[in-house]
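Residue 1 is where the sequence shown starts when you use our numbering, and the numbers rise one by one after that. For glycine and all other residues, C-beta sits at the position ideal for the given N, C-alpha and C. Nothing here was measured: the structure is a model prediction, and the numbers come from that model. First up is the structure itself, then whatever we jot down about it.
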Amino acid sequence: MTVTALSNIFVEIFKTAADKSFFAPGRINLIGEHTDYNGGHVFPCAITYGTYAVAKKREDRLVRLYSVNFPEKGVIEFSLDQLDYNKEHNWANYPKGMIRYIMEAGYQIPSGFECVIEGNIPNGAGLSSSASIELLTGVLIEGLFALEIPRIDLIKIGKQVENQFIGVNSGIMDQFAIGMGKKDAGILLDCQTLKYEYAPIQLENHKIIIMNTNKRRELADSKYNERRGECEEALSQLQQKLPIEALGQLSEVEFDENQHLITNETVRKRAKHAVYENIRTLRALEELKAGNLETFGQLVNQSHISLRDDYEVTGIELDSLVEAAWKQPGVLGARMTGAGFGGCAIAIVENDKVESFISNVGAEYAAKIGYEADFYVASIGEGAKEL
Ligand code: GLA
Numbered sequence: 001m002t003v004t005a006l007s008n009i010f011v012e013i014f015k016t017a018a019d020k021s022f023f024a025p026g027r028i029n030l031i032g033e034h035t036d037y038n039g040g041h042v043f044p045c046a047i048t049y050g051t052y053a054v055a056k057k058r059e060d061r062l063v064r065l066y067s068v069n070f071p072e073k074g075v076i077e078f079s080l081d082q083l084d085y086n087k088e089h090n091w092a093n094y095p096k097g098m099i100r101y102i103m104e105a106g107y108q109i110p111s112g113f114e115c116v117i118e119g120n121i122p123n124g125a126g127l128s129s130s131a132s133i134e135l136l137t138g139v140l141i142e143g144l145f146a147l148e149i150p151r152i153d154l155i156k157i158g159k160q161v162e163n164q165f166i167g168v169n170s171g172i173m174d175q176f177a178i179g180m181g182k183k184d185a186g187i188l189l190d191c192q193t194l195k196y197e198y199a200p201i202q203l204e205n206h207k208i209i210i211m212n213t214n215k216r217r218e219l220a221d222s223k224y225n226e227r228r229g230e231c232e233e234a235l236s237q238l239q240q241k242l243p244i245e246a247l248g249q250l251s252e253v254e255f256d257e258n259q260h261l262i263t264n265e266t267v268r269k270r271a272k273h274a275v276y277e278n279i280r281t282l283r284a285l286e287e288l289k290a291g292n293l294e295t296f297g298q299l300v301n302q303s304h305i306s307l308r309d310d311y312e313v314t315g316i317e318l319d320s321l322v323e324a325a326w327k328q329p330g331v332l333g334a335r336m337t338g339a340g341f342g343g344c345a346i347a348i349v350e351n352d353k354v355e356s357f358i359s360n361v362g363a364e365y366a367a368k369i370g371y372e373a374d375f376y377v378a379s380i381g382e383g384a385k386e387l
């Protein structure tokens, strides 16, 4: 839907015209999965799929929100004076949490506003539609009320909403990628220090294909928080001997030499993934920079194997897609992306093989799983902004 179409819906619903428009992307992660909350590195990028909003200030203190994606929820309304989580407010809890924590951070939001939102990120697909709405709300509030909020603060407020308001103990990767995205670049982020660098994604004659399992992944319902707990357990056992603050500080050798400190075998596997994936991410960036696409692709594949066997967050749907992708000609690498447990995978595929790739992987997946996967060509785009 175009912004003009969205503005027309705004007029229909609110009987007045919107005066500002905003966009926030979704994200994919190229490599570095389940490393962010372990103080490791991630390498995500913003995509051109995302969430749009058109909005206008009100004279009073009401916030009135409508999503084209959830028409059955109608206009969701609350006051700036009542910003508690409310289950009935459904998707609007994300903007509500943002408003609340932006105000708590000391910024003045002098009046309410009206807003129509529409997203073209498949919802629940693990491309961070929730972080997209968070950052969208952030730039919207900045734009409507002429505030200047340092981008890193908006990113942290988005994470705070996820952790404290919604109750998902997620790391900072999604909000960071969506807040800081840059066209045709990946972002290598050290999640412990928040130091980052942009790296051009030069894949020569290849495209990144997003493959949606169409198995919904909802973080709050998933084993995400459980994995995080297992990593904390591993860390605290390693800390009996090692002066570390996060698993991401360990080299592979240091981990191997000390892994006996972790008493539970499953927990040990989780920690191994966190440590090895972090190192793999740094290596992958080096290979990409050096133009060694084959090796980059192999590291991408190893990431999936580690997530499948050691971290155990893939499942039959993601494994079927990725394993079918590995068999196709012209594929540099493929892996799940995001939290796992369903959602999306990515594959790096030679331009002129994309069509046969989609039809072969699609057929194999449908035959095995019993329903279709969806495929999209990813373009790497800008972070959240006023349009
Ligand atoms: C979700 C979380 C992120 C990150 C990934 C796994 O997307 O929101 O913080 O932990 O899972 O890498």
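Contact test: residue i Cβ vs the ligand GLA heavy atom, cutoff 7 Å
i, result
"residue 198", "no"
"residue 273", "no"
"residue 33", "yes"
"residue 423", "No answer is possible for residue 423: the residues shown for the chain start at 1 and end at 387."
"residue 311", "no"
"residue 170", "yes"
"residue 29", "yes"
"residue 190", "no"
"residue 401", "Residue coverage of the chain in this structure runs from 1 to 387, which leaves residue 401 outside it and unanswerable."
"residue 138", "no"
"residue 338", "yes"
"residue 49", "no"
"residue 37", "yes"
Bounding residues of the alpha helix (DSSP H) (the contiguous stretch that carries residue i)
i, result
"residue 231", "224-238"
"residue 136", "129-144"
"residue 100", "93-104"
"residue 354", "354-369"
"residue 161", "Counting along the chain, residue 161 falls outside any alpha helix (DSSP H), and DSSP gives it neither H nor E."
"residue 252", "252-258"
"residue 174", "173-180"
Start and end residues, beta strand (DSSP E) containing residue i
i, result
"residue 206", "206-212"
"residue 349", "344-350"
"residue 276", "Careful: residue 276 lies outside any beta strand (DSSP E), inside the alpha helix (DSSP H) at 265-289."
"residue 187", "185-190"
"residue 29", "20-31"
"residue 44", "41-57"
"residue 114", "113-119"
"residue 200", "196-200"
"residue 376", "374-378"
Collapsed DSSP secondary structure at residue i in the structure displayed
i, result
"residue 329", "coil"
"residue 336", "strand"
"residue 8", "helix"
"residue 295", "helix"
"residue 17", "coil"
"residue 306", "helix"
"residue 66", "strand"
"residue 37", "helix"
"residue 84", "coil"
"residue 316", "helix"
"residue 215", "coil"
"residue 241", "coil"
Beta-carbon spacing of residue i, residue j below 8 Å
i, j, result
"residue 379", "residue 47", "yes"
"residue 278", "residue 41", "yes"
"residue 134", "residue 161", "yes"
"residue 338", "residue 86", "no"
"residue 71", "residue 173", "no"
"residue 234", "residue 247", "yes"
"residue 109", "residue 78", "no"
"residue 201", "residue 177", "no"
"residue 294", "residue 143", "no"
"residue 22", "residue 136", "yes"
"residue 199", "residue 188", "yes"
"residue 211", "residue 127", "no"
"residue 300", "residue 348", "yes"
"residue 341", "residue 222", "yes"
Among the options, the one whose alpha carbon lies nearest that of residue i
i, options, result
"residue 323", "344, 196, 258, 361", "361"
"residue 16", "384, 114, 359, 185", "114"
"residue 122", "343, 44, 363", "343"
"residue 158", "330, 374, 97", "97"
"residue 236", "262, 252, 224", "262"
"residue 9", "258, 104, 68", "68"
"residue 27", "321, 132, 201", "132"
"residue 377", "177, 209, 385", "209"
"residue 266", "137, 214, 295, 227", "227"
"residue 224", "59, 206, 270", "270"
"residue 191", "156, 61, 182, 355", "156"
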